[in-house]
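Just so we're on the same page, this note's numbering is the position in the sequence shown counted from 1, plus 892.
Heads up, the beta-carbon is just placed ideally off N, CA and C, and yes, glycines get one too.
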Amino acid sequence: MNCDPIARWYRWLEYAGFGGALQRRRTAFLRDVADARRVLLLGEGDGRFLVELVRQNRGASIDYVDLSRRMLERARRAGDGVNYRQGDALTIPLPESEYDLIVTHFFLDCFEPAELTRLIGRAARAARPDARWLVSEFREPSAWARAVVRMLYWFFRVTTGLKTSRLSDHRPLLAECGFRLIREERARAGLLVSELWSRAQSPP
Ligand SMILES: C[S@@+](CC[C@H](N)C(=O)[O-])C[C@H]1O[C@@H](n2cnc3c(N)ncnc32)[C@H](O)[C@@H]1O
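Here's what the structure looks like:
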C-alpha cells in the first residue's frame, strides 16, 4: 500500500465521505488514556489523532510509525516532541515491553489475516503487561455496511495499490494477546466502532 498519492487529499476525502464521524471515533476514548506516558501509533497517517493526543498528553513520549513519507510529512505538524519513523509496522524494530498505549485507527483493516496476526503479535510484545490499546475500525453488521466497506476497499486498491479486499477480525487476536475489551462505542448504524482494550488485571 502506498498512500503517498492520496496523503494530501486524505482528510478532505474523508470529510466528503463521512464528515467528522471518523475523527469522533478516533478521539472517542482520548480522555480515558490521558495518563498514557509511552505511546506507539501505528499507521497513524496524516496525524489528526496525534495532534489531539499531543495536546492532551503533554510530556508523553510518542512514537509514530507510518509507511508513507507524505503522510508522515503531514503528521509532523503535531510538533517536534514526537519520534516520527517512516517504516513498515510488520518489520520495523520495536522495543520489548515498552509502551503503555498502542493506537491503531483505521489501520488493522489494511492487512490480510496472516499479516494481521503478525502485526498484533509484534505490537503486543512491544506493549507493557498492563498496556491499553485504542482501535477504530469499520464493521459490517448489515448489507449496507458491507457495501460501504467494499467501496472503500475498491477506492484504496485503485489509489494506493492495497492488496487486502476484506476486513479481518482483530478482536480474537487481541484477546489471544491478553487484552480485554473494556469500552466500545458504535456509530453510523454499526459501520464504525471505537474500542478501548486493556491488559491490566483490574482496568479502571
Ligand atoms: C487507511 S490509512 C489510516 C490512517 C489513519 N490511522 C486514520 O485514522 O485515518 C492507513 C495508513 O496506514 C499506513 N500503512 C499501511 N500499511 C502500513 C504498514 N505496513 N506499516 C506502516 N504503515 C502502514 C498508510 O500509509 C496509511 O497512512
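Using 8 Å for Cβ pairs, my map puts residue i next to residue j. What's the rounded Cβ distance?
i	j	result
A928	V957	About 16 Å separates the two Cβ atoms, so there is no contact after all.
R1078	V1085	5 Å
E936	A967	6 Å
A1023	Y1045	Between Y1045 and A1023 the Cβ distance is about 30 Å, and since that is not below 8 Å, they are no contact.
R1017	E988	6 Å
Are the CB atoms of residue j and residue i within a distance shorter than 7 Å?
i	j	result
Y902	D938	yes
R1058	H997	no
E1099	T1052	With the chain covering 893 to 1096 only, the question about residue 1099 has no answer from this structure.
V946	G971	yes
W1062	L1000	It is His, not Trp, that sits at residue 1062 in the sequence shown. Against a cut-off of 7 Å, the Cβ pair of L1000 and H1062 comes out as a contact.
E944	V1027	no
W1089	L1065	no
A920	Q948	no
CA-CA distance, residue i and residue j?
i	j	result
M963	L1054	16 Å
T1009	C1069	10 Å
A1006	I1012	10 Å
P1021	E965	32 Å
G1082	R1031	7 Å
Y976	D924	24 Å
R969	L942	9 Å
A899	R1042	21 Å
D896	E1076	31 Å
Q978	A1039	32 Å
P1033	S1060	14 Å
L905	L959	20 Å
Among the options, which residue has its Cα nearest to the Cα of residue i?
i	options	result
A1019	E944, A970, R1049, L993	L993
F1048	G979, L934, I954, C1002	C1002
R1072	R950, R1078, D1061, S1094	S1094
W1025	I984, R1042, I1074, R1038	I1074
N894	W904, A920, R961	R961
R940	A1039, F921, Q915, I984	Q915
F910	V974, A1037, F921	A1037
G951	L933, E936, V974	V974
D955	A1039, Y1045, L934, S989	L934
L922	V995, A1035, R1080	V995
E1029	L959, V1050, R1080	R1080
Mind pulling the alpha helix (DSSP H) runs of 4 or more residues that sit fully within the region 1014-1082?
1035-1052, 1063-1068
Could you tell me which uninterrupted beta strand (DSSP E) segments, each at least 3 residues in length, are contained entirely in the region 932-1017, listed from first to last along the chain?
953-958, 974-978, 991-997
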